[in-house]
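Chemist: So the sequences go chain by chain: S and R.
For what it's worth, our numbering labels the leading residue of the first sequence as 1, then goes sequentially.
For what it's worth, our numbering labels the leading residue of the second sequence as 1001, then goes sequentially.
Each residue gets a CB set at the ideal place from its N, CA and C atoms; glycine is no exception.
2 protein chains.
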Amino acid sequence: MPDRYSEFRRIAQDLRVDAVALVPGANFTRLFNQSFHSHERPLVIVIPASGPPAALVPNLELRSFDQLKFEGEVFDWRDQTGYADAFAALAAHLPMKSVAVEGQVMRVFVHHALTAAYPRLRIVDAEKQISGLRVRKSPAEVAALENAIKISEAALADVLDRVRAGMTEFQVEALLTQALFAQGADAHAFGPIVAAGDNSARPHAHARPDYPIRNGDALLLDFGAQKSGFCADITRTVFVGHATDEAQEVYDTVLRANLKGHDVTKAGITAHQVDDAVTSVLEASPFADRIRTKTGHGLGRDVHEAPYIMRGNHEVLEAGAVFTNEPGLYKIGAFGVRIEDDVLVTETGCRSLTSFPKTLTVVG
Amino acid sequence: MPDRYSEFRRIAQDLRVDAVALVPGANFTRLFNQSFHSHERPLVIVIPASGPPAALVPNLELRSFDQLKFEGEVFDWRDQTGYADAFAALAAHLPMKSVAVEGQVMRVFVHHALTAAYPRLRIVDAEKQISGLRVRKSPAEVAALENAIKISEAALADVLDRVRAGMTEFQVEALLTQALFAQGADAHAFGPIVAAGDNSARPHAHARPDYPIRNGDALLLDFGAQKSGFCADITRTVFVGHATDEAQEVYDTVLRANLKGHDVTKAGITAHQVDDAVTSVLEASPFADRIRTKTGHGLGRDVHEAPYIMRGNHEVLEAGAVFTNEPGLYKIGAFGVRIEDDVLVTETGCRSLTSFPKTLTVVG
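Structure (structure tokens):
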């Protein structure tokens, strides 16, 4: 009989393990439509291949946990006594010899608590399978992503109107943050990147408090709103005052690579093929030595999730997958250009959820 | 010869393990004064009990990693080829049989990558020891906390001026978010709690989109700005329109417990003693059955960190520790009251970094 745990039970069966264990995070929130703070307090749901689930819950979360209408036994624990006894009670109630976990979400202290309660437990990293359940977005999830993207694009338009040479990267980042929240963001989807001049050549740069943006600088903004649990991720690179001939040529190359990614995407293509098509454009240019990253990553409740758009990943993209198409070229010590859109795979092609203009823009 | 790793080397020696391994997070940021995105890409620093450190770094982070002026060997890896070979190269370069890790920060996929590269590695959870290095705040760190708190209090004042009966919890949360960022927050320190009426009785409530706040409701706001890497955490409970006699009596009880916490705190007292003093006030009241939480937790780069202020934790509080003093009483299905200050332990007593008024306040 299918229940809300069916897809997790199937993973346990496929991996020939006794159960799947979930901790708070994107998979948990999707399943229960409610998020939990985790911090230092373990909260674990165990879903066996068959039979009722069980949970280990901090006592002070019980009243929130009630709202999940959880079907199984709940073992709670209090800060004052610790969680070892609750894990032992869980183990007595629901024995297992092997369990699949979200390797990129569960932390080592929970791993240790599980192995202490289940002495010879085999813990299998099933991040790929469990988070893989989130790859195909429902229409409601696509709408939530579009909303986060709309907020982000409105904020970007506002900031680009206000950037001037002489401002520091920090000041531009502050403008961006204010604009995002004025537009209705719940949070940053990730620490934003605002990088000018040589800093733009670092793919994951940090804004500097003391660097005044200069005329002729590239200015790269990579950021996104989180709204209703979904993340936007958009990058635009503009030029302050003017763009040199080299900058224009690099920009055109990156834009052609980005457009190539849109062109080739449709249901049935592999992640490898998309990255290969995009990266080949960069490789065929005079700037091949400036390639530093793969084409992109999936996007949804997490800002980085499957599918990872890179050579060697032969996963087939299905309709409903959303990923970032973000080629870039980075000249160390000089400047970088990245153009990033959020793309929805459809049966017949793709739809860019991002619509912010990509023509070379001079600001200030 | 002391170097910037001395305190980590001492932990390795104390625990009789070969090394400490750090991953991006608060301890990493404090050590290097730079944060890294982690997501799906492992980045690990290994600090042996003696000798030079080594690092495993995603290739696309190398240009940012350069800024750390790292002293040891760096093994980088690319998305396209994966990280197994880099872990193997690290293991060949820096053999170890045991390692101390941050159990609440490191995730299972890194644990698995380490044990794959070091087959019989003993992984010791040294969260307490490693994060314990952050307990005593420097004057600069206290100033950063005060700044985050100042931003939070200004936002709270703004929101309380604007709350009216009939608004939903969602609307009040949106006002709060906008006010925080208008005041200069870099981020929320954690998902804010805005809970009215019966929802305020859930210690970790979620704002509801569809509950209009009513006259007579308790309204609990628990939130904080993150600024320059430091977190504020403040709770105030106000009443909308009017407060019932029961509400006033409960409020007075919680306030007396909170003030008791300030009274007893000074360097040398234990976390147990503080919680015991605070909780005893609640226990001596007619509302003892509404106690659901310990008194508080440490506060700094993480919003929950050591010292945990609870009975059974006989850790001595040292001057420079900062913790939350947040007693509360929660009547399930009716209302809850929590009052939370951020407190700096000093040699002679304590200093509340929070100064927002605590007299019973009626809004709207």
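Beta-carbon of S/Ser64 versus every beta-carbon of chain R: anything under 8 Å?
Modeler: Yes - at least one Cβ of chain R is within 8 Å of the one on S/Ser64.
Chemist: Just to confirm the assignment: which complete alpha helix (DSSP H) runs, minimum length 4, are found wholly within the region 28-91 of chain S?
Modeler: The region 28-91 of chain S contains these whole alpha helix (DSSP H) runs: 62-65.
Chemist: What is the DSSP secondary structure of R/Gln1104, reduced to helix, strand or coil?
Modeler: Note: R/Gln1104 maps to coil in three-state DSSP.
Chemist: Measure the alpha-carbon distance for R/Pro1212 versus R/Gly1132 and round it to whole angstroms.
Modeler: Roughly 43 Å separates the two Cα atoms.
Chemist: Given this structure, state the Cα-to-Cα distance separating S/Thr265 from R/Arg1004, to the nearest angstrom.
Modeler: Computed Cα separation, rounded: 49 Å.
Chemist: Below 9 Å on C-beta distance, what does R/Gly1191 contact in chain S?
Modeler: The contacting residues are Ser35, His37, Asp186, Ala187.
Chemist: Which runs of the beta strand (DSSP E) at least 3 residues long sit entirely within the region 132-193 of chain S? Give them in chain order.
Modeler: Runs of the beta strand (DSSP E) inside the region 132-193 of chain S: none found.
Chemist: Opposite R/Glu1340 in the DSSP bridges: which residues?
Modeler: DSSP output for R/Glu1340 lists R/Thr1235 as bridge partner(s).
Chemist: When you compare the CB positions of R/Val1303 and R/Cys1231, do they come within less than 8 Å of one another, or not?
Modeler: Against a cut-off of 8 Å, the Cβ pair of R/Cys1231 and R/Val1303 comes out as a contact.
Chemist: Using a threshold of 8 Å, state whether the C-beta atoms of S/Pro52 and S/Ile45 are closer than that.
Modeler: The answer is no: Cβ separation not under 8 Å.
Chemist: Alpha carbon to alpha carbon, how far is S/Ser352 from R/Ser1035?
Modeler: The alpha-carbon atoms of S/Ser352 and R/Ser1035 are separated by roughly 31 Å.
Chemist: Which of the three DSSP states is assigned to S/Arg10 in this structure?
Modeler: Reduced to three states, the DSSP call for S/Arg10 is helix.
Chemist: Can you check DSSP and say which residues form a bridge with R/Ser1228?
Modeler: Bridge partners of R/Ser1228: none, in fact.
Chemist: To the nearest angstrom, how far is the alpha carbon of R/Thr1324 from that of R/Val1254?
Modeler: One C-alpha to the other measures close to 14 Å.
Chemist: Run down chain S in chain order and give the residues with a C-beta less than 8 Å from the C-beta of R/Asp1079.
Modeler: The answer, in chain order, is Thr293, Lys294, Tyr308, Met310.
Chemist: Within the present structure, is the beta-carbon of S/Phe230 separated from the nearest heavy atom of the ligand PLP by less than 7 Å?
Modeler: Because no ligand of any kind appears in the structure shown, any question about the ligand PLP cannot be addressed here.
Chemist: Can you check whether the CB of S/Arg63 is closer than 8 Å to the CB of R/Ile1332?
Modeler: Yes.
Chemist: Using a threshold of 8 Å, state whether the C-beta atoms of R/Asp1210 and R/Thr1168 are closer than that.
Modeler: In contact: R/Asp1210 and R/Thr1168 (Cβ atoms closer than 8 Å).
Chemist: When DSSP labels each residue in this structure, what does R/Ser1280 get in the three-state scheme?
Modeler: Helix at R/Ser1280.
Chemist: Just how far apart, CA to CA, sit R/Ile1193 and R/Phe1170?
Modeler: R/Ile1193 and R/Phe1170: Cα-Cα distance of roughly 10 Å.
Chemist: Measure from the C-beta of S/Phe181 to each C-beta in chain R and report whether the shortest distance is under 8 Å.
Modeler: Chain R contact via Cβ: present.
Chemist: Check whether the region 1220-1227 of chain R touches the region 1329-1343 of chain R, counting contact only when three or more Cβ pairs, one atom from each stretch, lie closer than 8 Å.
Modeler: Contact between the region 1220-1227 of chain R and the region 1329-1343 of chain R is present, because at least three Cβ pairs lie under 8 Å.
Chemist: Between the region 316-329 of chain S and chain R, which residues of the former have CB atoms less than 7 Å from a CB of the latter, in chain order?
Modeler: Those would be none; no residue qualifies.
Chemist: State yes or no: is the C-beta of S/Ala165 within less than 8 Å of the C-beta of S/Arg214?
Modeler: Yes, Cβ-Cβ distance for S/Ala165 and S/Arg214 is below 8 Å.
Chemist: Examine chain R for any beta-carbon lying closer than 8 Å to the beta-carbon of S/Pro203, and answer yes or no.
Modeler: It does: the Cβ of S/Pro203 has a partner Cβ on chain R nearer than 8 Å.
Chemist: Verify the CB distance criterion: does S/Gln178 have a CB-CB separation below 8 Å to chain R?
Modeler: Closer than 8 Å to some Cβ of chain R, the Cβ of S/Gln178 qualifies, so yes.
Chemist: Show which residues of chain R have a CB atom less than 8 Å away from the CB atom of S/Arg107.
Modeler: Gly1103, Gln1104, Val1105, Met1106, Arg1107, Val1108, listed in chain order.
Chemist: Just to check my reading of the structure: R/Phe1087 and S/Glu127 have Cβ atoms closer than 8 Å, yes? What is that Cβ distance to the nearest angstrom?
Modeler: At roughly 17 Å, the Cβ-Cβ gap does not stay under 8 Å, so R/Phe1087 and S/Glu127 are not in contact.
Chemist: I want to know whether the region 1066-1077 of chain R touches the region 74-86 of chain S - three or more CB-CB distances under 8 Å.
Modeler: They do not touch, by the three-pair rule.
Chemist: Check this for me: beta carbons of R/Gly1364 and R/Glu1326, under 8 Å apart or not?
Modeler: Contact: no.
Chemist: Need the endpoints of the alpha helix (DSSP H) that S/Val250 sits in, please.
Modeler: Segment 245-264, the alpha helix (DSSP H) holding S/Val250.
Chemist: Report the rounded CA-to-CA distance for R/Ala1319 versus R/Ser1138, giving the unit in angstroms.
Modeler: Cα to Cα, R/Ala1319 sits roughly 10 Å from R/Ser1138.
Chemist: Identify the continuous beta strand (DSSP E) that holds S/Asp18 and give its terminal residues.
Modeler: Run containing S/Asp18: none; DSSP gives neither H nor E here.
Chemist: Taking just the CA atoms, how far does R/Ser1285 sit from R/Lys1348?
Modeler: For the record, residue 1348 of chain R in the displayed sequence is Thr; it is not Lys. Straight-line Cα distance between these residues: approximately 29 Å.
Chemist: Taking beta-carbon pairs under 8 Å, can you tell me which members of the region 1123-1144 of chain R lie near chain S?
Modeler: If the cut-off is 8 Å between Cβ atoms, the region 1123-1144 of chain R has Ile1123, Asp1125, Glu1127 near chain S.
Chemist: Using a Cβ-Cβ cut-off of less than 8 Å, give me the residues of the region 42-66 of chain S that come near chain R, in sequence order.
Modeler: Listed in sequence order: Asn59, Leu60, Glu61, Arg63, Ser64.
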